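Residues 30 to 329, numbered by this note's numbering, are exactly what the sequence shown covers, in order. Report on the following structure.
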Amino acid sequence: MECFGEEFLPRYQAPANFEGGYWIPTLEQLAPTITTLQEQFRLTRLDGEKEVDIPVSLEKFESDTYQTTYFWKPLEALEPGATYRVRGANFCEDPPEPGMEHVFKATEPAALPETLGRLRVDQRPDQPLEVDTTSGSCSWEIAADQALVALLPSDEVLPWWELLIFTTYVDGERWEYFRSIAGTGGPVGEGLSGRGRALIYAGCEEDNQGGGLSEGTHTVQMKAHLPGSEVEIWSESLEVDFSCDDVWPVYRENEDYISLHWKELVGSWLVVFVLGGGLAGVFMLIWMYVRKRRRSKERV
30 MECFGEEFLP RYQAPANFEG GYWIPTLEQL APTITTLQEQ FRLTRLDGEK EVDIPVSLEK
90 FESDTYQTTY FWKPLEALEP GATYRVRGAN FCEDPPEPGM EHVFKATEPA ALPETLGRLR
150 VDQRPDQPLE VDTTSGSCSW EIAADQALVA LLPSDEVLPW WELLIFTTYV DGERWEYFRS
210 IAGTGGPVGE GLSGRGRALI YAGCEEDNQG GGLSEGTHTV QMKAHLPGSE VEIWSESLEV
270 DFSCDDVWPV YRENEDYISL HWKELVGSWL VVFVLGGGLA GVFMLIWMYV RKRRRSKERV
């Protein structure tokens, strides 16, 4: 089975009064028991050259096809200003081998956030979009009107920024963008576009191949959840317009056209070998073929 990488939250810092973080261990699709996982997970406080063990509890948070996320909770209060290290294990090996080591700093305690912030459109990418597909490959490029939406966080959110789990909603429905079916939608707590950012798009292919939103105006919001707490806060809503009028189509070659070109090329190779042209002639034909293809594209 394929193994998937290890991740931790928080990444760099968190208020000392945080309830706990997330851990995605390196494992195969069949996860070990909680007891086995907890035996391999370790939290320590760095004290000069020494490390002081901090007891933790571990529980399963959520699971999908590619990864399982666990919530870890320190059972002792953390010290503001202290540096901590978390260690996991590589469960793709038998017995498990030491995994990643991750260091973060405990900052001053902070009040739990009550507001999230507002959204804005950061960019309108003007290029083909790679999306997931099940039609013979893991991904393909489509024509799409795109909007990269970013959160402008409130001041009270900033101390908790690295711990928040972000979810994007469009017209009240959860929105996720996947670049390929062979992978996840991004690091824990965020999407492929980064923390507090989301790529929204309207597909401009015939029969809505490639998915996406319909043309028109759509309402976007983000929700943030703080692990181990009941904190669940929403951004202000943002309306985004999508239109395919100015979106360039993605150039695709007709399968019969490709087949014809390959037949011409293979036939030419055989002629060159029969007449004694050898490898030099073959390379010349390849060069001519590529050149012909480029000119064909330029005329389209």
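Where a beta carbon is used, it is the ideal one built from N, C-alpha and C, also for glycine. Computed from a predicted structure; not experimentally measured.
Counting C-beta pairs closer than 8 Å gives fewer than three between the stretch 129-143 and the stretch 81-91, which falls short of the contact rule. Judged by DSSP in its simplified three-state form, Trp-189 adopts helix. Unbroken beta strand (DSSP E) stretches of 3 residues or longer found wholly inside the stretch 230-274: 245-254, 261-263 and 267-271, given in chain order.
No Cβ-Cβ contact shorter than 8 Å links Phe-133 with Pro-54. The straight-line gap separating the alpha-carbon atoms of Phe-90 and Leu-107 is approximately 22 Å. Around the CB of Asp-174, 16 or more other CB atoms lie within 10 Å, so the residue is classed as buried.
Leu-228 is positioned such that its CB atom lies closer than 8 Å to that of Tyr-206.
Between Val-269 and the set Thr-248, Leu-255, Pro-278 and Glu-259, the nearest pair of CA atoms involves Thr-248.
Separation of the CB atoms of Gly-146 and Pro-182 is rounded to 4 Å, and the pair is thereby assigned contact status at 8 Å. Per the Cβ contact rule, the stretch 271-280 is in contact with the stretch 230-245 (3 or more Cβ pairs under 8 Å). Collapsing the DSSP output to three states places Leu-141 in coil. Exclusion of the five residues before and after Ala-118 leaves Pro-54, Gln-69, Pro-125, Glu-126, Pro-127 and Gly-128 as the residues of its chain whose Cβ lies within less than 7 Å of its Cβ. For Leu-66, the three-state secondary structure derived from DSSP is helix.
In the three-state reduction of the DSSP assignment, Leu-228 falls in the strand class.
Within the model, the alpha-carbon separation for Glu-259 versus Asn-46 is close to 15 Å. In the displayed model, Ser-86 falls within a strand according to three-state DSSP.
If you look at Arg-149, you'll find it in the beta strand (DSSP E) that goes 146-152.
If you compare the alpha carbons of Val-81, Leu-193 and Leu-267 with that of Thr-246, the shortest gap goes to Leu-267.
The DSSP-derived three-state label of Ala-111 is coil. With contacts defined as CB atoms closer than 8 Å, Leu-193 and Ala-111 fail to qualify as a contacting pair.
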